[in-house]
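Chemist: Okay, so the sequence shown: first residue is -6 according to this note's numbering, each after it adds one. Quick reminder that beta carbons are idealized off the backbone N, C-alpha and C, glycines included. Shown below is the structure under consideration.
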Amino acid sequence: MDPKLSALIELQSVLSTQREIEREYEEIPRRREQILSYIQSLKAEAKTAEEQFKKHEVEQKTREMELQEGQSMRVKKEAQLLSLKTNKEYQATLSEIEALDRKNSRLEEKIIELMDLVEKERTILKDKQKELTEKETEFHRELEGLIEREKSLSERVEKAGAEVKLVLNKVDKNLYRRFLRVFDRKQGVAIAIANGGHCGACNIRLTARLIQLAKRGQDIVICEGCSRFLYWDHSLDDDQPVSL
Ligand SMILES: [Zn+2]
């Protein structure tokens, strides 16, 4: 096989490895960002739950005080009844007492509603706080793991870069530029096998001339369908169709 071609096959392999490691490496800050914003949103949820709970707890206390006032007012009015002189005054105070009763009973209903609500919101708040604590512990562990992973990946990125450099010494510069264009445009596959008479990547039927050239392996052969570099693997049967 033409050393130019075998260098390209090697390049394909080390470049793929390099890109894969780089992708993993670049994924880390994204994951970190995701974790931090998730924790933020959990904190915000816990804060909202706490605000709701406190607001209704305060409202419950206010209503309870109003009810207490209403009840002592009723006691006062009832005592007044005994000292009233005219029937008119008596009737007027009696209707005041009835109005107070209606108001007090509305307050009692409202207080019962609020007590239910406050209990529910207390449970929600506890759950939210528990979830936050648990997730914070879990994410803290993951964040620590990410630091380790970032360190090891950064070493691997460097190593992969060095390997690519080493292979690049064997590749013609113009060929490399062409290769890289195809590699980037064709999802990281710049080389395709020609065994079977079809391009192993785009599956187009190759002309007899291209097949012959690929078999000879002395020139760079480009697929007319997808522009990938073609090669013939002589370790396989001639007619065995292969796809990468
Ligand atoms: Zn092709």
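(1) Measuring CB to CB, does residue 172 end up less than 8 Å from residue -2?
(2) Spatial neighbours of residue 12 within its chain, please: C-beta separation below 8 Å, excluding the five flanking residues on both sides.
(3) Would the C-beta of residue 189 count as close to ligand 1, meaning under 7 Å from any of its heavy atoms?
(4) Restricting to Cα atoms, I'd like to know which of 2, 103, 222 is closest to residue 191.
(5) Entirely within the stretch 157 to 202 and at least 4 residues each: give me those alpha helix (DSSP H) ranges in chain order.
(6) Let me know the secondary structure DSSP gives residue 77 once reduced to three states.
(7) Are the CB atoms of residue 213 and residue 168 within a distance shorter than 8 Å?
(8) With hydrogens ignored, establish whether the beta-carbon of residue 221 is closer than 7 Å to any heavy atom of ligand 1.
(9) Taking the beta strand (DSSP E) that residue 223 belongs to, which residues open and close that run?
(10) Express the C-alpha separation of residue 131 and residue 124 in angstroms, rounding to a whole number.
(11) Determine whether the beta carbon atoms of residue 113 and residue 90 lie at a separation below 8 Å.
(12) Using 8 Å as the cut-off, can you tell me whether the stretch 53 to 63 makes contact with the stretch 98 to 110, which would need three or more C-beta pairs spanning the two stretches below that distance?
Modeler: With the structure as the only source:
(1) Not closer than 8 Å, so no.
(2) If we look at residue 12 and ignore the five residues flanking it on each side, its Cβ neighbours are 181.
(3) Residue 189 has its CB no nearer than 7 Å to any heavy atom of ligand 1.
(4) When each option's Cα is compared against that of residue 191, the closest is 222.
(5) As summarised for the stretch 157 to 202, the continuous alpha helix (DSSP H) elements at least 4 residues long and confined to that stretch are 166 to 178, given in chain order.
(6) Residue state, collapsed to three classes: coil.
(7) Yes, these two residues count as a Cβ contact at 8 Å.
(8) Yes; taking the cut-off as 7 Å, the Cβ of residue 221 has a heavy atom of ligand 1 nearer than that.
(9) Residue range 222 to 224 is occupied by the beta strand (DSSP E) that includes residue 223.
(10) Cα to Cα, the separation comes out at about 10 Å.
(11) For residue 113 and residue 90, no; Cβs fall outside 8 Å.
(12) Pairwise C-beta distances place the stretch 53 to 63 in contact with the stretch 98 to 110, as three or more of them are shorter than 8 Å.
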